[in-house]
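Before any comments, here is the structure.
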């Protein structure tokens, strides 16, 4: 076998692995990148990119369907196969950014094979032995498939297969109640499919209940059937699809089944025991600095057992690069923004209202409605609100639900991570008319009673007015 010696060996070419590879190579480290599947990982091929392209098509269809005052709506003419072709075209347009050729241009040695540890400092991949000073495990995650009686007898979809499905589902059954389930439910319903969501507990259960309820109400209004507190007891095939019998006895006939019950870290094929790397079903066991039980091996992204988001994996890359290249201390961020890309979008950073009240008895919750934002009014997108949780004048959490919430949450991510006081947000000049004013007005509401309902301020103003020329 050919032997390769390098500074850094990265296993996995998804968001986290590619970010480490690009940064380390461009700063002078010798880097080997190993990937047995498609470059770009889950986000490019099966996740963020195709799902947002599908949602975009659904949004256009819904706009045509509903119209606007003075512009009559009409039934959209939907070519489902053409929509999926556009999804594939979007992936192809972005793919060069994550391509093998681009990374080889950075000086990265790319090995297209699956890797397996066979010692604490060596992996085998594609008939090569790679020995490195440091390793980064960035293998991501894969769909978690529950044990369901009869599941083996029916075809089912996951996020890894649904975007290649060119046939339009007549009735899509979705098992799961998280962001993937809700996004796919709305997209398929808007593109002309009947959709039923089966969720064991409250949908979007990790989010603010009031914000999640607004998303759910919109899906209901659009014709998505959501069955909460239910599970599938058994499945059986039908000539034109499948039958799902729920645990309450309800029987559903569907043409297709999407499993969206979560994801599990991809660790099984790595032979981590041979490397002395501790792991559980939640992923590689790491400390705040993302280092594993083997001091030479780090884990980033989904496989590190935390939040499973592309932007988290990218942030992890910076943490490990700082340590591996410069020997400097670093640790992962604990406050991360999240967005569910339904319409309306639901964005969160820091604590929800319930969590903030539980942790901080002195928390102050401020609220700003989209209805009072002029841009939301002009666009006819007034459903939604912003909740701002403050402790001693500093934001500890923000929930935003409404059109474009994902674009608004970034400002609050900066405010919380930089420990800014709410006054900095209130003093910001926001262009008019934009939805960004919602954030400024929410922050300004903190000062309103101190200024406008304060008798001492009124007395000072009256006194000063007596002496001003």
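In this note's numbering, the protein residues as written are 35 to 503. We treat Cβ as the ideally placed atom computed from N, Cα and C, and that holds for glycine.
Spanning the alpha carbons of residue 421 and residue 439 requires a straight line of approximately 12 Å. Taking a C-beta distance under 7 Å as the contact criterion, residue 47 and residue 141 do not qualify as a contact pair.
Taking C-alpha positions only, residue 61 is separated from residue 75 by approximately 23 Å.
A contact is defined here as three or more CB-CB pairs under 8 Å, and the stretch 187 to 199 meets this definition with respect to the stretch 109 to 125.
Around the beta carbon of residue 35, fewer than 16 other beta carbons sit within 10 angstroms, so the residue counts as exposed. Annotation note: the stretch 291 to 338 contains the following uninterrupted alpha helix (DSSP H) runs of length 4 or greater, listed N- to C-terminal: 306 to 309. Residue 480 counts as buried, since at least 16 other C-beta atoms from the protein chains shown sit within 10 angstroms of its C-beta. In this structure, 325 is the residue among 344, 325, 378 with its C-alpha nearest to the C-alpha of residue 365. Exclusion of the five residues before and after residue 339 leaves 316, 317 as the residues of its chain whose Cβ lies within less than 6 Å of its Cβ. If you draw a straight line from the Cα of residue 99 to the Cα of residue 253, it is about 15 Å long. If you draw a straight line from the Cα of residue 442 to the Cα of residue 342, it comes to about 21 Å.
Here DSSP, grouped into helix, strand and coil, assigns residue 434 to strand. Secondary structure at residue 137: helix, using DSSP grouped into helix, strand and coil. In the three-state reduction of the DSSP assignment, residue 219 falls in the helix class, which pools H, G and I. Assignment of residue 394 by DSSP, reduced to helix, strand and coil, places it in the coil class. By the neighbour-count criterion, in which 16 or more other beta carbons inside 10 Å mark a residue as buried, residue 187 falls on the exposed side. When secondary structure is reduced to three states using DSSP, residue 62 falls in the coil class, being assigned neither helix nor strand. For residue 457 and residue 363, the gap between their C-alpha atoms comes out near 32 Å. Counting only the Cα atoms, residue 73 lies some 8 Å from residue 129. Residue 206: not part of any alpha helix (DSSP H); member of the beta strand (DSSP E) spanning 205 to 209, first to last residue. Around the beta carbon of residue 211, 16 or more other beta carbons sit within 10 angstroms, so the residue counts as buried. One alpha carbon belongs to residue 295, the other to residue 231, and they sit about 11 Å apart. Nearest neighbour of residue 221 by Cα position, chosen from 351, 143, 114, turns out to be 114. With a cutoff of 7 Å on beta-carbon distance, residue 225 and residue 57 are scored as not near each other. Relative to residue 265, the option among 247, 272, 285, 246 whose CA is nearest is 285. In this structure, residue 477 lies away from residue 490, with their beta-carbon atoms at least 7 Å apart. For residue 175, the enclosing beta strand (DSSP E) stretches over residues 175 to 177. Bridge partners of residue 162 according to DSSP: 36, 159. In this structure, DSSP gives residue 484 a helical state, which the three-state scheme calls helix. In the DSSP assignment, residue 97 falls within the alpha helix (DSSP H) that extends over 82 to 100. Less than 7 Å separates the beta-carbon of residue 380 from that of residue 374.
Distance from the Cα of residue 414 is smallest, within the candidate group 109, 436, 314, for 436. Between residue 328 and residue 303, the beta carbon gap of about 17 Å keeps them out of contact (Cβ cut-off 8 Å). In this structure, the straight-line span from the alpha carbon of residue 170 to that of residue 396 is close to 42 Å. Distances from the CA of residue 262 to each of 269, 208, 311, 292 were compared; the closest alpha carbon is that of 208. Exclusion of the five residues before and after residue 426 leaves 396 as the residues of its chain whose Cβ lies within less than 8 Å of its Cβ.
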